[in-house]
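In this note's numbering, the protein residues as written are 1159 to 1276.
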Amino acid sequence: MLEFAKTHGLEGLVAKRADSIYQPGQRTGLWSKYRINMGQEFVIGGYIPSHLGLDSIVVGFYRGKDLIYAARVGAGFVPRTRREVFEKIRHLKIRKCPFVNLPETEPGRWGKVSRPKR
């Protein structure tokens, strides 16, 4: 099935447990996406907190020495993961936003960003 998706230029596949049912508007973790298309390496430069723990992570990519803002990512986090990730990253703080082009006007929480080792 993966080979078919690749040769036909599809974005990816959706996998689900055989006994799961579609639950509109709910993220149960029983369904998952498998992306096939070209990828990009991103780093987490910050996060947006919420009453659930984590609303979204703020990601970017390096262009030379500059960390370029790419997106806020909240999809794929189920409530348990939102709490667990928040507990692991909430202590990572710096005063200055690490992104050179952050378009957001809302304050976020910025974590220490290190360049990926190659």
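Note that CB positions come from ideal geometry on N, CA and C, so glycine has one too.
Fill in: From L1225, P1207, N1259 and F1219, residue whose alpha carbon lies closest to that of E1199
Taking the sequence shown and counting its residues from 1, the one referred to as residue 1199 is at position 41. The residue with the shortest Cα to Cα distance from E1199 is F1219.
Worksheet item: Do F1244 and G1203 have their C-beta atoms within less than 7 angstroms of each other?
Response: Locating residue 1244 in the sequence shown gives position 86, where the first residue counts as 1. Locating residue 1203 in the sequence shown gives position 45, where the first residue counts as 1. Pairing F1244 with G1203 gives a Cβ-Cβ distance that is not under 7 angstroms.
Worksheet entry | For V1243, three-class secondary structure by DSSP | Along the sequence shown, read from residue 1 onward, the residue named residue 1243 stands at position 85. Of the three classes helix, strand and coil, the one that applies to V1243 here is helix, per DSSP.
Discussion item. In whole angstroms, give me the CA-to-CA distance for K1191 and L1171.
Written reply: Position 33 of the sequence shown holds residue 1191. Position 13 of the sequence shown holds residue 1171. Cα to Cα, K1191 sits roughly 6 angstroms from L1171.
Worksheet item: In terms of residues, what are the limits of the beta strand (DSSP E) holding F1191?
Response: The residue you call residue 1191 lines up with position 33 of the sequence shown. The amino acid occupying residue 1191 in the given sequence is Lys; Phe does not appear at that position. Its beta strand (DSSP E) spans residues W1189 to R1193.
Worksheet item: Residues in its own chain within less than 7 angstroms of P1237 by CB, not counting five upstream and five downstream?
Response: Your numbering for residue 1237 matches position 79 in the sequence shown. Same-chain partners within the cutoff: L1210.
Worksheet item: According to DSSP, what are the bridge partners of I1179?
Response: On the sequence shown, residue 1179 is found 21 positions in, with the first residue counted as 1. In the DSSP assignment, I1179 forms no beta bridge with any residue.
Worksheet item: Do A1233 and V1217 have their C-beta atoms closer together than 7 angstroms?
Response: As a working note, residue 1233 is residue 75 in the sequence shown. As a working note, residue 1217 is residue 59 in the sequence shown. Between A1233 and V1217, the C-beta spacing is not below 7 angstroms.
Fill in: Nearest residue (CA-CA) to L1260, options R1248, Y1227 and I1252
Indexing the sequence shown from 1 puts residue 1260 at position 102. Of the candidates R1248, Y1227 and I1252, the one whose C-alpha sits nearest the C-alpha of L1260 is Y1227.
Item to complete: Specify, as a first and last residue, the run of the beta strand (DSSP E) that F1235 falls within.
Response: Residue mapping note: residue 1235 aligns to position 77 of the sequence shown, counting from 1. Run containing F1235: none; DSSP gives neither H nor E here.
Discussion item. Quick check: what's the CA-CA separation for R1221 versus V1201?
Written reply: On the sequence shown, residue 1221 is found 63 positions in, with the first residue counted as 1. On the sequence shown, residue 1201 is found 43 positions in, with the first residue counted as 1. A straight line joining the alpha-carbon of R1221 with that of V1201 spans about 12 angstroms.
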